[in-house]
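Engineer:
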Amino acid sequence: KATVSVLYWSNMHRTHTFLRRYCSVVPAIPKLLLNKEKAVISVQGKDARALLQGLTANDVRLLSKHDAGEALPLLYSAFMSSKGKMIADVFLHNVDDETVAIEVHSESAEALQRHLRLHQFQSEVEINITDEYSVLVGSDVGGALDPRLPNGPYELPVLQRLCVKTSSTAGMDLISDEDAVSLHTVYRMLAGLPEGPCEIPPLSAMPLESNMDFMCGVSFNKGCYVGQELTARTHHRGLTRKRVLPVVISKGRDGEVNPVAVLAEAVAGKGKGYTVEKGSAALTSKESNAKAGTVRDLVRLDDSISIGFALLRLEHVDWYEPSIVTENGESVTPIPPLWWPEA
């Protein structure tokens, strides 16, 4: 039987039978209330969708009934500067025909609201940060499946997301505040889903380096939007040389973890005991001693092993091998998410 302690094994990419053996103990994620981590911007009015269509990287027309099918309840997307740099990654919740609720990291909410109002011009919309809505995430919250996962991370559950009236959350059995943030972050790191200003720094990060293409956050056939030119050119020329990757950072022990066991331990403790640390450590290649990237953030599982995200130069990446080191001599092992279109 699997235990809730952290397990390690080698050759993860060759051991799908191991994952199937543990499929019966994959934990369900309880309902997480992300009010501390997330803010909601309400864009309301008859021109709401037209305004967002010209500002966001995904095709907002999918939130309305269209020739290919019914309206989607949820889209993942990004807002960018005119130079193609990320302002924020967001979820667009389809509230009604004239209202879109933008779920964004709380640290980015005010900057995004200013960006939206700057481009509002004569559009008949109201743009406000609101506490009327709250964001619920979990294995069974009655919402839409996370749109970033086209195939799902095979060994981990795919979460549902739901934007609800804040007043309706009273009396629900929820994990909130710091514990919800910690548990959600552990899940995202294991699944390979970067988000927020720490992992996708505003006005610095590029959308394709942040895996927006892999996470279904960019449409390459919707037409023009702010920041579209550089994004499209990079995509069609295949010039993405760096990406934000999940990594295991270890010292003195095997650097591969069993994601099912780590997630089970986090769920059993309801996220308590995990601290998210902002990273800035420079990384170098073991082979060439060249700069390989930078740690974005991490969660320490114990004194000798951590999981996290790092922006890495792909030329120095050797999947599942500790080919990179930190300034302190810790080994860094890049782990490609199993749901990626290629690894």
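Heads up, the sequence shown stops at 850 in the working numbering, and the numbers go up one at a time, no gaps. Cβ coordinates follow ideal geometry from the N, Cα and C atoms, glycine included.
Can you name, in chain order, every residue of its own chain whose Cβ lies under 7 Å from the Cβ of Glu610, other than the five neighbours on each side?
Structural biologist: Lys545, Val547, Val597, Phe598, His600, Val642 and Cys670
Engineer: Quick check on the burial criterion: 16 or more other C-beta atoms within 10 angstroms. Buried or exposed for Leu652?
Structural biologist: exposed
Engineer: In the structure shown, what three-state DSSP assignment does Pro841 receive?
Structural biologist: strand
Engineer: Is Glu834 helix, strand or coil when you go by DSSP?
Structural biologist: DSSP, read as helix, strand or coil, puts Glu834 in coil.
Engineer: Under 9 Å, do Arg534 and Leu681 count as touching if we go by C-beta distance?
Structural biologist: Correcting the residue identity first, residue 534 is Pro in this sequence and not Arg. Contact flag unset, no.
Engineer: Measuring only the C-alpha atoms, how far is Thr637 from Thr747?
Structural biologist: 36 Å
Engineer: Hey, would you say Ala564 sits closer than 9 Å to Gly734, going by beta carbons?
Structural biologist: Yes; because the gap between Cβ atoms is below 9 Å, this pair is in contact.
Engineer: Would you call the region 751 to 759 and the region 841 to 848 touching, i.e. three or more CB-CB distances under 8 Å?
Structural biologist: yes
Engineer: What three-state label does DSSP hand Ser689 in the structure shown?
Structural biologist: helix
Engineer: Report the option in Lys793, Lys798, Asp804 and Ala771 whose CA atom is closest to the CA atom of Lys785.
Structural biologist: Asp804
Engineer: Rounding to the nearest angstrom, what Cα-Cα distance links Leu700 and Met719 in this structure?
Structural biologist: Near 10 Å, if we compare the C-alpha coordinates of Met719 and Leu700.
Engineer: Helix or strand or just coil, what does DSSP make of Tyr694?
Structural biologist: helix
Engineer: Would you call Pro714 buried or exposed, if buried means 16 or more other Cβ atoms sit within 10 Å of its Cβ?
Structural biologist: Flag for Pro714 reads buried.
Engineer: Do you know offhand how far Val824's Cα is from Ala608's?
Structural biologist: 38 Å
Engineer: How many whole angstroms separate the CB atoms of Glu639 and Lys672, which I take to be in contact at a CB cut-off of 8 Å?
Structural biologist: 7 Å
Engineer: Taking the beta carbon of Arg528 as the centre, do at least 16 other beta carbons fall within 10 Å, making it buried, or is it exposed?
Structural biologist: For Arg528, the pLDDT reaches just 42, beneath the cut-off of 50, and the residue's location in the model is therefore unreliable, leaving the point undetermined.
Engineer: Please report the Cβ distance between Phe586 and His622, rounded to the nearest whole angstrom; I am assuming they are in contact, meaning their Cβ atoms lie under 8 Å.
Structural biologist: About 6 Å separates the two Cβ atoms, so the contact holds.
Engineer: Closest to Gly552 by C-alpha separation, out of Gly759, Thr782, Ser792 and Thr606, would be which residue?
Structural biologist: Of the listed residues, the one whose Cα sits closest to Gly552 is Thr606.
Engineer: Determine the burial state of Pro848: buried for a count of at least 16 other Cβ atoms within 10 Å of its Cβ, exposed for fewer.
Structural biologist: So Pro848 ends up on the exposed side.
Engineer: Please name the residue, chosen from Ala712, Arg568 and Pro766, that lies closest to Glu577 on a Cα-to-Cα basis.
Structural biologist: Arg568
Engineer: What are the uninterrupted segments assigned as alpha helix (DSSP H) that are 4 or more residues long and contained completely in the region 553 to 596, given in chain order?
Structural biologist: 555 to 560
Engineer: Pull up the CB-CB distance for Thr676 and Leu540, whole angstroms please, since I reckon it's below 8 Å.
Structural biologist: 6 Å
Engineer: Can you tell me the Cα-Cα spacing of Ser854 and Ala687, whole angstroms?
Structural biologist: Look at the range of the chain in this structure, 508 to 850, and you will see that residue 854 is not part of it.
Engineer: Name the DSSP bridge partner or partners of Thr673?
Structural biologist: Note: Thr673 sits in no beta bridge, so no partner.
Engineer: Expressed to the nearest angstrom, what Euclidean distance is found between the alpha-carbon atoms of Glu834 and Leu570?
Structural biologist: Computed Cα separation, rounded: 46 Å.
Engineer: If you follow the beta strand (DSSP E) that Thr606 is part of, which residue opens it and which one closes it?
Structural biologist: Thr606 to His612
Engineer: Quick check on DSSP: helix, strand or coil for Pro753?
Structural biologist: strand
Engineer: Please report how far the alpha carbon of Val839 lies from the alpha carbon of Lys777, in whole angstroms.
Structural biologist: 27 Å
Engineer: For my contact list, Ala555 and Ile594 are in at a C-beta cut-off of 8 Å; report their separation, rounded to the angstrom.
Structural biologist: Not really, about 18 Å apart at Cβ, beyond 8 Å.
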